[in-house]
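The sequence shown lines up with residues 103 to 568 when you count with this note's numbering.
Quick reminder that beta carbons are idealized off the backbone N, C-alpha and C, glycines included.
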Amino acid sequence: MKLNFNSIRYVAAGLLLICLSTANLRAQWQAFTPVLSDTIGISDLRIAQDNDSVAWAVAMKYDVDSTQYGWVPIDSLFFVKTADAGATWSGGKIPLGIEPYASNICPISADEAWVTGIDADYFSYIMHTTDGGLSWQRQFETGFAEGSSYINLVHFWDAQHGVAMGDPAVSANDTIPFFEIYTTSDGGQNWTRTGSNNIPAVLPDEYGFSGNYFVSGETIWFSTFNFNSFTWVRAFRSTDRGLSWTASDALAGDLSFADSLHGVGSEYGEPSYLLRYTADGGTTWTDLPEMEPGLISSLVLIPESYYILAVVRTNNITGPFRTIISTDLGTSWTEIGTSELAGNAKFRSPRLGYAGEWQPSDHATRMYKYAGSPLTGLFSGKTLQAQVIVAPNPTADILSVFIDADQPADYTLLLNDAAGRLITRLHLDKAAQGSTQLDLRTLPAGIYTLTVSSEKGYATKRVVKQ
């Protein structure tokens with residue numbers, strides 16, 4: 103797409119427009135290569151509960167082809183972390199058993215984190231660091247000892263209060279297996295198992311799924327899976343940090359909640375995904391429209407707006423890896439950029455998000471920080487307080503765009519076709535007034551949507567190409 107600039111230009115309204123410097127941006131994810139020489143795949147990423155500048159991820163080795171990722175057993179897991187809101191990333195190894203497989207990671211601060219997983223003998227581990235990953239100590243060696251109990255997650259709300267969850271197992275008082283869930287209030291020194299009377303009974307062939315959980319405030323959810331039918335089953339929820347649980351027929355994994363009530367999940371029904379949405383904390387779930395064919399790398403319900411963001415792909419190596427957003431709960435989707443294969447994306451707010459790269463085939467693994475600050479207004483759902491004029495409209499060739507606002511701001515302009523595919527993406531540097539032109543001569547006739555977004559809000563304009 104050709105972009106034209108004019109230092110002074112008039113549109114049909116007869117207003118003087120000041121040229122803004124522009125650049126065609128390919129992506130809104132800013133890439134960072136951690137201090138790791140290995141090519142690895144990020145399997146779980148989490149933001150610290152009380153410090154948005156801190157995020158940790160756990161990674162494993164995979165055998166990558168265009169259709170699937172196969173775990174490669176090696177002698178260590180890897181961790182990657184940032185303590186400065188994604189400006190820099192560091193990492194190292196986690197000595198978790200023989201040929202370990204990661205379940206999840208949970209950071210508290212730049213120095214303290216927990217990680218869980220199993221080794222080649224299906225022995226479950228909870229590992230804890232208090233020195234930023236330089237050393238790791240094993241906790242709770244007597245837990246998850248049954249052969250049927252595979253640890254799926256550990257989460258700490260602070261340095262003292264945490265919960266750990268594994269697959270169904272019997273207890274000293276119960277001969278019928280139930281989900282093995284423990285809580286601690288002393289930093290993991292002692293753990294108490296939640297009784298079977300406080301956990302819904304297990305359904306046939308129902309198990310947990312490693313790392314498939316979400317936390318918002320005091321509430322934690324995890325999804326269950328039937329490995330015979332390869333379908334998601336239920337969403338378990340605790341509002342008291344794991345002491346008692348309820349369950350609902352969510353039929354969805356990859357859970358993402360914007361707050362304690364509003365959440366989204368997905369189930370893959372080849373060749374498309376089925377999305378499900380809840381507005382009551384997971385008590386009931388509503389089917390959303392089926393997504394376009396493809397594979398989801400990240401699924402996020404953005405806080406504040408309840409817009410859905412997804413990173414989708416058609417294969418694991420060559421892409422394209424498209425970032426798309428729905429402002430109407432999946433009825434329609436708008437592509438906002440292409441990126442590397444950003445997985446496990448987490449957003450604490452419309453202004454802050456992180457992601458980790460699925461294992462690449464030709465370069466060291468990257469971490470990502472959301473770097474699309476002018477799109478914050480789109481993510482938040484707020485209305486842009488500025489006058490946006492497009493003229494002439496309809497047009498057969500050149501479309502002029504004029505933005506007039508009270509305060510200077512950076513802007514992102516997205517031009518999408520009727521199917522939501524991104525035609526071009528432009529960045530306009532900070533200014534109170536400005537204009538630019540879009541050359542539409544090579545585009546097919548039809549209806550297009552122009553989105554103008556700043557950090558404070560966004561506006562859309564319907565554009566007709568003759």
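Would you say the stretch 476-493 touches the stretch 392-411, given that touching needs at least three Cβ pairs under 8 Å?
Result yes; three or more Cβ-Cβ pairs closer than 8 Å.
So, with DSSP's three-state summary, where would you put residue 330?
The answer is coil: DSSP assigns residue 330 none of H, G, I, E or B.
Alpha carbon to alpha carbon, how far is residue 238 from residue 196?
The alpha-carbon atoms of residue 238 and residue 196 are separated by roughly 7 Å.
Sorted by chain position, which residues of the same chain lie with C-beta nearer than 7 Å to residue 142's C-beta, five sequence neighbours on each side aside?
Here the set comprises 161, 162, 163, 180, 461 and 467.
Which value, in whole angstroms, describes the spacing of the CA atoms of residue 539 and residue 492?
Taking the Cα positions, residue 539 is about 9 Å away from residue 492.
Is the beta carbon of residue 133 closer than 8 Å to that of residue 437?
No.
If you measure between the beta carbons of residue 231 and residue 212, is that distance less than 8 Å?
With contacts defined as CB atoms closer than 8 Å, residue 231 and residue 212 fail to qualify as a contacting pair.
Just reading off the beta strand (DSSP E) that residue 234 is part of, what are its end residues?
If you look at residue 234, you'll find it isn't in any beta strand (DSSP E); DSSP assigns it neither H nor E.
Just checking, does the stretch 391-400 make contact with the stretch 342-352 on the three C-beta pairs under 8 Å criterion?
Proximity of the stretch 391-400 to the stretch 342-352 falls short of the contact definition, fewer than three beta-carbon pairs being nearer than 8 Å.
Measure the CB-CB distance between residue 562 and residue 551 and report whether it falls below 8 Å.
Their beta carbons are under 8 Å apart, which means residue 562 touches residue 551 by this criterion.
Residue 452, buried or exposed, once every other Cβ within 10 Å from all chains shown has been counted against 16:
By the 10 Å Cβ count, residue 452 comes out buried.
Buried versus exposed call for residue 415 [16 or more other C-beta atoms within 10 Å across all chains shown]:
Buried is the call here.
If distances are taken between C-alpha atoms only, which option among 519, 444, 391 and 150 comes closest to residue 611?
Absent from the model: residue 611. The displayed extent of the chain is 103 to 568, so no value can be given.
I need the DSSP call for residue 181, collapsed to helix, strand or coil.
The three-state reading of DSSP puts residue 181 in strand, counting E and B together.
Which term fits residue 291, buried or exposed, when burial requires 16 or more other beta carbons within 10 angstroms of its beta carbon?
Its Cβ having fewer than 16 others within 10 Å, residue 291 is exposed.
Relative to the alpha-carbon of residue 204, which residue among 283, 252 and 511 has its alpha-carbon at the smallest distance?
Selected option, being the one with the closest Cα: 252.
Rounded to whole angstroms, what's the CA-CA distance from residue 497 to residue 475? Just pull it up for me.
Straight across, the Cα-Cα distance linking residue 497 with residue 475 is about 30 Å.
Nearest to residue 338 by CA position, among 327, 263 and 402, is which residue?
Residue 338 has its Cα closest to that of 327, out of 327, 263 and 402.
Chain-order list of residues whose beta-carbon lies under 7 Å from that of residue 307 (same chain, five-residue window excluded)
Around residue 307: 328, 329 and 330.
Using the C-alpha atoms, what's the distance from residue 282 back to residue 266?
Across the structure, residue 266 and residue 282 are spaced so that their CA atoms are roughly 8 Å apart.
Note down the Cα distance separating residue 222 from residue 248, rounded to an integer number of angstroms.
Taking the straight line from one Cα to the other gives about 15 Å.
How long is the line joining the alpha carbons of residue 236 and residue 194, rounded to whole angstroms?
Straight-line spacing of the CA atoms in residue 236 and residue 194 works out to 8 Å.
Run through DSSP, which three-state label would residue 299 get?
It is helical.
Unbroken stretches of the beta strand (DSSP E), 3 residues or longer, contained in the stretch 418-475
423-428, 436-441, 444-451, 454-459 and 469-472, all fully within the stretch 418-475.
Roughly how many angstroms lie between the CA atoms of residue 555 and residue 505, to the nearest whole one?
Approximately 11 Å between the Cα atoms of the pair.
Every unbroken alpha helix (DSSP H) inside the stretch 483-511 [4 residues or more]
Runs of alpha helix (DSSP H) with 4 or more residues, each lying fully within the stretch 483-511, are absent.
If residue 86 and residue 558 are in contact, beta carbons under 8 Å, what's the gap, nearest whole angstrom?
The displayed coordinates of the chain run from 103 to 568. Any statement about residue 86 would go beyond what the structure contains.
Compute the Euclidean distance between the alpha carbons of residue 257 and residue 383, then round it to the nearest angstrom.
Roughly 19 Å separates the two Cα atoms.
Beta-ladder partner(s) of residue 550, from DSSP
Paired residues: 565.
Per-residue burial, residue 184 [other beta carbons within 10 Å of its own, 16 or more giving buried]
So residue 184 counts as buried.
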